[in-house]
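Letter by letter, the sequence shown follows residues 97 to 317 of the working numbering.
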Amino acid sequence: MGPEVRIAPSILAADFAALGSEIDRVAPAADWLHVDVMDGHFVPNLTIGPPVVAAIRRHSDLYLDCHLMMSNPGDYLEAFCDAGASSCSVHVEVGGTAELIRAMRDLGVGVGLAVNPETPFEAVEPWIGAVDLLLVMTVHPGFGGQRFMAEVLPKVEAARRAIDEAGLEVVVEVDGGIDTTTAASVVAAGARMLVAGSAVFGAEDPAAAAGRIRRAAVGAP
Ligand code: DX5
Ligand code: ZN
97 MGPEVRIAPS ILAADFAALG SEIDRVAPAA DWLHVDVMDG HFVPNLTIGP
147 PVVAAIRRHS DLYLDCHLMM SNPGDYLEAF CDAGASSCSV HVEVGGTAEL
197 IRAMRDLGVG VGLAVNPETP FEAVEPWIGA VDLLLVMTVH PGFGGQRFMA
247 EVLPKVEAAR RAIDEAGLEV VVEVDGGIDT TTAASVVAAG ARMLVAGSAV
297 FGAEDPAAAA GRIRRAAVGA P
């Protein structure tokens with residue numbers, strides 16, 4: 097028996113014109129729903145904001161894992177919480193991490209810290225005792241469908257080691273290029289929550305695809 101692995105389908109790869117039914121199709125196999133918020137500044141792409149999160153919340157009870165790829169997430173945390181976000185992850189690269197963590201705690205939302213591929217583990221290490229979720233990017237943020245970066249695996253291992261040594265329950269989540277061929281390596285490195293966009297919504301049956309990734313992740317047939 098391997099570790100328990102959970103899957104967070106990323107709606108970035110869903111058909112936005114049919115978001116409700118896309119969510120319904122994946123819901124039976126989704127532990128969380130990953131919501132990619134891009135501001136056209138921190139990353140060179142624009143996606144969705146609080147009104148869409150509110151619409152999803154009216155449609156679904158799923159845990160909404162909001163990944164804020166934004167330069168000024170602090171200006172929008174309250175709006176995402178009001179919209180029904182379950183957790184928000186802010187990037188360590190934008191700075192002001194202590195204030196952002198405090199603001200998320202005060203709002204009562206799950207506290208996530210995200211880290212880009214080129215940013216070392218040492219940048220997030222001071223905060224691991226203060227967050228619920230560490231989101232390790234395994235592609236450069238901004239777009240779905242990119243190639244998985246295996247060079248990030250040592251950072252996942254470092255995170256797992258630090259969290260276990262401190263006896264913490266922080267969720268280690270990986271995001272980018274996760275599919276049936278890469279899932280086992282991230283779980284072996286210590287990830288327990290796998291975001292998958294194109295590998296799930298690009299499949300004929302998204303729920304079945306999420307199930308295949310979960311099984312591949314733990315080496316089950
Ligand atoms: C990339 C996003 C990811 C993206 C993953 O910036 O943060 O969540 O949706 O998509 P795939 O699984 O296609 O790499
Ligand atoms: Zn994401």
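Cβ coordinates follow ideal geometry from the N, Cα and C atoms, glycine included.
Computed from a prediction, not measured in an experiment: that's the story for all the values here.
Span separating the alpha-carbon of residue i from that of residue j
i: Arg153; j: Ala292; result: 20 Å
i: Ala104; j: Gly170; result: 24 Å
i: Val235; j: Met289; result: 16 Å
i: Val188; j: Ala285; result: 21 Å
i: Leu196; j: Leu264; result: 20 Å
i: Glu74; j: Pro302; result: Coverage of the chain is limited to positions 97 through 317, which leaves residue 74 absent and any answer about it impossible.
i: Ala254; j: Ile224; result: 12 Å
i: Phe184; j: Asp120; result: Reading off the sequence shown, one finds Cys at residue 184, where the question assumed Phe. Those two C-alpha atoms are separated by around 22 Å.
i: Leu313; j: Ala287; result: First, the residue type needs correcting, since residue 313 is Ala and not Leu in the sequence shown. Straight-line Cα distance between these residues: approximately 10 Å.
i: Ala175; j: Pro99; result: 35 Å
i: Val252; j: Asp127; result: 21 Å
i: Pro250; j: Leu230; result: 15 Å
i: Ala125; j: Val282; result: 19 Å
i: Pro216; j: Arg257; result: 15 Å
i: Val139; j: Val190; result: 12 Å
i: Ala151; j: Phe297; result: 19 Å
i: Met165; j: Ala114; result: 23 Å
i: Glu300; j: Gly206; result: 32 Å
i: Glu218; j: Ala179; result: 33 Å
i: Pro317; j: Asn168; result: 44 Å
i: Asp132; j: Val211; result: 14 Å
i: Met245; j: Pro213; result: 8 Å
i: Leu160; j: Glu269; result: 14 Å
i: Gly240; j: Val232; result: 15 Å
i: Pro237; j: Ser106; result: 13 Å
i: Val148; j: His155; result: 11 Å
i: Val266; j: Thr193; result: 17 Å
i: Ala262; j: Ala280; result: 25 Å
Residue i classed as buried or exposed, judged by whether at least 16 other C-beta atoms fall within 10 angstroms
i: Asp157; result: exposed
i: His130; result: buried
i: Ala110; result: buried
i: Ala181; result: buried
i: Thr278; result: buried
i: Phe112; result: exposed
i: Pro222; result: exposed
i: Glu247; result: exposed
i: His84; result: Only positions 97 to 317 of the chain appear in the structure, and residue 84 is not among them; the question remains open.
i: Gly116; result: exposed
i: Asp260; result: exposed
i: Gly366; result: In the structure as shown, the chain begins at 97 and stops at 317. Residue 366 is therefore absent and cannot be evaluated.
i: Tyr295; result: Reading the sequence as shown, one finds Ala at residue 295 and not Tyr. Classification for Ala295: buried.
Element boundaries [beta strand (DSSP E), containing residue i]
i: Leu203; result: Segment Thr193 to Leu203 is the alpha helix (DSSP H) holding Leu203; no beta strand (DSSP E) there.
i: Val296; result: Careful: Val296 lies outside any beta strand (DSSP E), inside the alpha helix (DSSP H) at Ser294 to Phe297.
i: Gly206; result: Gly206 to Val211
i: Val103; result: Correcting the residue identity first, residue 103 is Ile in this sequence and not Val. Start and end: Arg102 to Pro105.
Endpoints, the alpha helix (DSSP H) within which residue i is located
i: Gly307; result: Pro302 to Ala313
Proximity test, residue i beta-carbon vs ligand 4 heavy atom, cut-off 7 Å
i: His187; result: Questions concerning ligand 4 fall outside what the structure shown contains, since the ligands it does hold are ligand 1 and ligand 2.
Count the C-beta pairs between the stretch 135-154 and the stretch 193-202 that are closer than 8 Å, then say yes if the count reaches three, no if not. no
Sequence ranges, alpha helix (DSSP H) only - wholly within the stretch 229-278, length at least 4: 249-261
Just to confirm the assignment: which complete beta strand (DSSP E) runs, minimum length 3, are found wholly within the stretch 118-190? 128-134, 159-165 and 183-187
Say whether the stretch 265-273 touches the stretch 305-316, bearing in mind that this needs 3 or more beta-carbon pairs closer than 8 Å, one atom from each stretch. no
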